[in-house]
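> Protein chains in written order, with the working numbering: chain R, 5 to 344; chain X, 6 to 235.
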């Protein structure tokens, strides 16, 4: 028993050390098999003060009109920063939004944001929830005003930006910097890529099925692509959400949604933009029997995907190797008011 | 002795620089009926539209200001983007230093924000999103906001609202215009609000709040009502 606690303390201490040196170095480290990040880290280099400030803001309901909702209300670290158990997210006054809150990680590789790609840069993303009457019901102008009048934020902003007044630009950059550090790179799959672990027989079979049927869209090692596809989900006639079409108004974009990451699926259910599936089984049933043959259904899905009951089990076993518990348990990302 | 020489050099250099560059200001204003300077939230009777009309908001971005002689670009203003906001007198004046040896007869600028700036993340000052010139639910700067009311508009409360923007094809709404000017320390750039409203089909164009075809049409129209007072 004593041994066990000692080991745990040791692990926590090393975790803290790793976290600390990582921050103070302010370098953005990622696995060698990842592509180059898209977010411009040269133009906007990470700093410990900005990251910490961004984290404080992320967890602070000061961003919402009535100080009731923070970013973390819908993006919980335990769920890889998704909103679990809710198909549609909910905001101030318990209003229900129109989409499922996606998880947040590896955002430096994303070139567009939201299910329909409405946002073209991570920096600008917070303007959407802050301003949405269904989410935080405020606006960046009043947020900046509140922060400038706050007892401790002006000091923190000064330390991070060396500027005597808080601006909208600074708030957005701090939030980006914190979110950029949400890296999920420690799944079993990653250990295998680094040569320190191996797939079980079942996982290996699943990996081959994945490469055959899924990798064209959910491309490894990130398991997402900065593209939109129609994956054959029947339109929800209550929400009537046409995805990418909402932005481009071109018919070929109808019902196309961003190709999401398949990392951390165990923590992020329910699945799809409207959270319609609450299990991976249902997702696989969709891909193998239920995809609707829309005109613009992705070509790779038009020919149909055949998966036996056994294949499904194998494929799910592989998908579970993409879970990254080190990420969901990482104290470095948690509420600084609880974990100072 | 040494001290004196230094001082002398300082004085000479001060004189020589002041002889070489001078400040040029571009002043943005709008005249009603070709005479009154437009004030916000004040109704005016416009002869051209034979009705009264008021402007509550007039804000737009001016970017990439260049001084030109015939077809040759001589100089560009270092600061790239300016938010001209009629609510704030100081913002209506763009000041820049230009060498006296440069003789120009035209100025060129964009009304709005270019595509590259639009996709490069957040900036501060005139581009800070707290200026209310950024869309929240769909990325992009609002190049121009013009809002107010007039009985001409058969809308709710007779309001009109133009939030013009869009940086992605086919709805690119930034406009580039070139105006002939006489070289001067003060250049008065006027926006002919009479022309804007009298040449606008107000039954079709009254409320534009997102990037679309109408926004492009009205942006082009808006760019034609800029002129220089001689």
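For every residue, glycine included, the Cβ atom is placed at its ideal position computed from N, Cα and C.
1. Can you have a look at residue 254 of chain R and say buried or exposed, based on whether 16 or more other CB atoms are within 10 angstroms of its CB?
2. Which residues, in order along the segment 135–149 of chain X, keep a beta-carbon less than 9 Å from a beta-carbon of chain R?
3. Tell me the rounded alpha-carbon separation between residue 264 of chain R and residue 104 of chain R.
4. Looking only at DSSP bridge pairs, what is residue 149 of chain X linked to?
5. When burial is assigned at 16 or more other CB atoms within 10 Å of the CB, is residue 121 of chain X buried or exposed?
6. Going by beta carbon distance, what residues of the same chain come within less than 6 Å of residue 296 of chain R, once the five residues before and after it are set aside?
7. So if DSSP puts residue 74 of chain X in a beta bridge, which residue, or which two residues, is it bridged to?
8. I'd like to know if residue 133 of chain X contacts chain R, where contact means its C-beta is closer than 8 Å to some C-beta of that chain.
9. Check distances from the C-beta atoms of the segment 115–127 of chain X to those of chain R and list, in chain order, the residues that come in under 8 Å.
10. Per DSSP, which residues does residue 164 of chain X bridge with? Please list them.
11. Against chain R, with Cβ distances strictly below 8 Å, would residue 170 of chain X count as a contact?
12. According to the Cβ coordinates, are residue 72 of chain X and residue 103 of chain X closer than 8 Å?
13. Mind checking the segment 153–169 of chain X against chain R and listing, in chain order, the residues whose C-beta falls within less than 8 Å of any C-beta there?
14. What residue range is occupied by the uninterrupted beta strand (DSSP E) comprising residue 101 of chain X?
15. Rounded to whole angstroms, what's the CA-CA distance from residue 84 of chain X to residue 280 of chain R? Just pull it up for me.
16. Quickly, what does DSSP pair residue 117 of chain R with across the bridge? List them, please.
17. Among R:109, R:140, R:136, R:142, which one has its Cα closest to the Cα of residue 126 of chain R?
18. For residue 334 of chain R and residue 76 of chain R, what's the separation of their Cα atoms in angstroms?
19. Assuming residue 197 of chain X and residue 230 of chain X form a contact by the criterion Cβ under 8 Å, report the distance between their Cβ atoms to the nearest whole angstrom.
20. From what residue to what residue does the beta strand (DSSP E) around residue 29 of chain X run?
21. Taking the alpha-carbon positions, what's the residue 170 of chain X to residue 220 of chain X distance?
22. Listing by chain order, which chain X residues have their CB less than 9 Å from the CB of residue 171 of chain R?
23. Anyone know if the C-beta pair for residue 39 of chain X and residue 51 of chain X falls short of 8 Å?
24. Please state whether the Cβ-Cβ distance between residue 199 of chain R and residue 322 of chain R is less than 8 Å.
25. Kindly indicate if chain X contains any beta-carbon less than 8 Å away from that of residue 79 of chain R.
26. Whose C-beta lies closer than 7 Å to the C-beta of residue 246 of chain R among residues of the same chain, with five residues either side of it excluded?
27. Can you tell me where the alpha helix (DSSP H) holding residue 218 of chain X begins and where it ends?
28. By the 10 Å Cβ neighbour count, where 16 or more other Cβ atoms means buried, how is residue 283 of chain R classified, buried or exposed?
29. To be precise: take each residue of the segment 109–142 of chain R, compare its Cβ to all Cβ atoms of chain X, and keep it if any distance is under 8 Å. Which residues remain?
30. Could you tell me whether any Cβ in chain X is nearer than 8 Å to the Cβ of residue 44 of chain R?
31. Please list the terminal residues of the continuous beta strand (DSSP E) segment that includes residue 181 of chain X.
32. Pick out whichever of X:131, X:201, X:31 has its Cα sitting closest to the Cα of residue 100 of chain X.
33. State buried or exposed for residue 112 of chain R, treating a residue as buried only when at least 16 other CB atoms are found within 10 Å of its CB.
34. If you run the structure through DSSP and keep just helix, strand and coil, what is residue 191 of chain X?
35. At what residue ranges does the segment 205–287 of chain R contain a whole run of the beta strand (DSSP E), taking only runs of 3 or more?
36. For the alpha helix (DSSP H) containing residue 197 of chain R, list its first residue and its last residue.
Judging by the given coordinates:
1. Reading the first chain from its first residue, position 250 is the one you call residue 254 of chain R. Result: exposed.
2. 135, 136, 137, 139, 140, 141, 142, 143, 144, 145
3. Position 260 of the first chain holds residue 264 of chain R. Position 100 of the first chain holds residue 104 of chain R. Answer to the nearest angstrom: the Cα atoms are 12 Å apart.
4. Translated into positions along the second chain, residue 149 of chain X becomes position 144. DSSP, once it has assigned bridges, lists X:65, X:169 as partnering residue 149 of chain X.
5. Here residue 121 of chain X refers to the residue found at position 116 when the second chain is read from its first residue. So residue 121 of chain X ends up on the exposed side.
6. Here the question's residue 296 of chain R lines up with position 292 in the first chain. Excluding residues within five positions, the ones whose Cβ falls inside 6 Å are 236, 238.
7. As a position in the second chain, residue 74 of chain X is number 69, starting the count at 1. Answer is X:77, bridged to residue 74 of chain X.
8. Stepping through the second chain from its first residue, residue 133 of chain X is reached at position 128. With 8 Å as the cut-off, residue 133 of chain X counts as an interface residue toward chain R.
9. 123, 124, 125, 126, 127
10. The residue labelled residue 164 of chain X in the question sits at position 159 within the second chain. Paired residues: X:154.
11. Here residue 170 of chain X corresponds to residue number 165 of the second chain, with the count starting at 1. Answer no: the Cβ-Cβ gap between residue 170 of chain X and chain R never drops below 8 Å.
12. The residue you call residue 72 of chain X lines up with position 67 of the second chain. The residue you call residue 103 of chain X lines up with position 98 of the second chain. Yes, Cβ-Cβ distance for residue 72 of chain X and residue 103 of chain X is below 8 Å.
13. none
14. Here residue 101 of chain X refers to the residue found at position 96 when the second chain is read from its first residue. Note, residue 101 of chain X: beta strand (DSSP E), 98–104.
15. To locate residue 84 of chain X, count along the second chain from 1; it is residue 79. To locate residue 280 of chain R, count along the first chain from 1; it is residue 276. Cα to Cα, residue 84 of chain X sits roughly 49 Å from residue 280 of chain R.
16. On the first chain, residue 117 of chain R is found 113 positions in, with the first residue counted as 1. Partner(s): R:123.
17. By one-based count along the first chain, residue 126 of chain R stands at place 122. Ranking R:109, R:140, R:136, R:142 by Cα distance to residue 126 of chain R puts R:109 first.
18. In the first chain, counting from the first residue as 1, residue 334 of chain R sits at position 330. In the first chain, counting from the first residue as 1, residue 76 of chain R sits at position 72. Rounded to whole angstroms, residue 334 of chain R to residue 76 of chain R spans 15 Å at the Cα level.
19. Within the second chain, numbered from 1, the residue matching residue 197 of chain X stands at position 192. Within the second chain, numbered from 1, the residue matching residue 230 of chain X stands at position 225. Yes, they are in contact, since the Cβ atoms of residue 197 of chain X and residue 230 of chain X sit about 4 Å apart, within 8 Å.
20. As a working mapping, residue 29 of chain X is identified with position 24 in the second chain. Run containing residue 29 of chain X: 26–37, per the beta strand (DSSP E) assignment.
21. Against the second chain, residue 170 of chain X aligns to sequence position 165. Against the second chain, residue 220 of chain X aligns to sequence position 215. Computed Cα separation, rounded: 7 Å.
22. Along the first chain, read from residue 1 onward, the residue named residue 171 of chain R stands at position 167. Neighbours of residue 171 of chain R on chain X, chain order: 129, 130, 133, 135.
23. The residue given as residue 39 of chain X occupies position 34 in the second chain. The residue given as residue 51 of chain X occupies position 46 in the second chain. Not in contact: residue 39 of chain X and residue 51 of chain X (Cβ atoms no closer than 8 Å).
24. Here residue 199 of chain R refers to the residue found at position 195 of the first chain. Here residue 322 of chain R refers to the residue found at position 318 of the first chain. The answer is no: Cβ separation not under 8 Å.
25. Along the first chain, one-based indexing puts residue 79 of chain R at 75. So no, residue 79 of chain R is outside the interface.
26. Position 242 of the first chain, counted from the first residue, corresponds to residue 246 of chain R. Result list for residue 246 of chain R: 258, 259, in chain order.
27. What you label residue 218 of chain X is simply residue 213 of the second chain in a count that begins at 1. 218–228 is the span of the alpha helix (DSSP H), which, as asked, contains residue 218 of chain X.
28. Here residue 283 of chain R refers to the residue found at position 279 of the first chain. The residue in question, residue 283 of chain R, is exposed, as its Cβ has fewer than 16 Cβ neighbours within 10 Å.
29. 122, 123, 124, 125, 126, 127, 128, 131, 132, 134, 135, 136
30. Here the question's residue 44 of chain R lines up with position 40 in the first chain. So yes, residue 44 of chain R belongs to the interface.
31. Residue 181 of chain X sits at position 176 when you count from the first residue of the second chain. Per DSSP, residue 181 of chain X belongs to the beta strand (DSSP E) from 180–185.
32. Within the second chain, residue 100 of chain X is the residue found at index 95, counting from 1. Here the closest residue by C-alpha is X:31.
33. Translated into positions along the first chain, residue 112 of chain R becomes position 108. Classification for residue 112 of chain R: buried.
34. Numbered from its first residue, the second chain carries residue 191 of chain X at position 186. Of the three classes helix, strand and coil, the one that applies to residue 191 of chain X here is strand, per DSSP.
35. 229–233, 261–263
36. By 1-based counting over the first chain, the position of residue 197 of chain R is 193. 192–197 is the extent of the alpha helix (DSSP H) around residue 197 of chain R.
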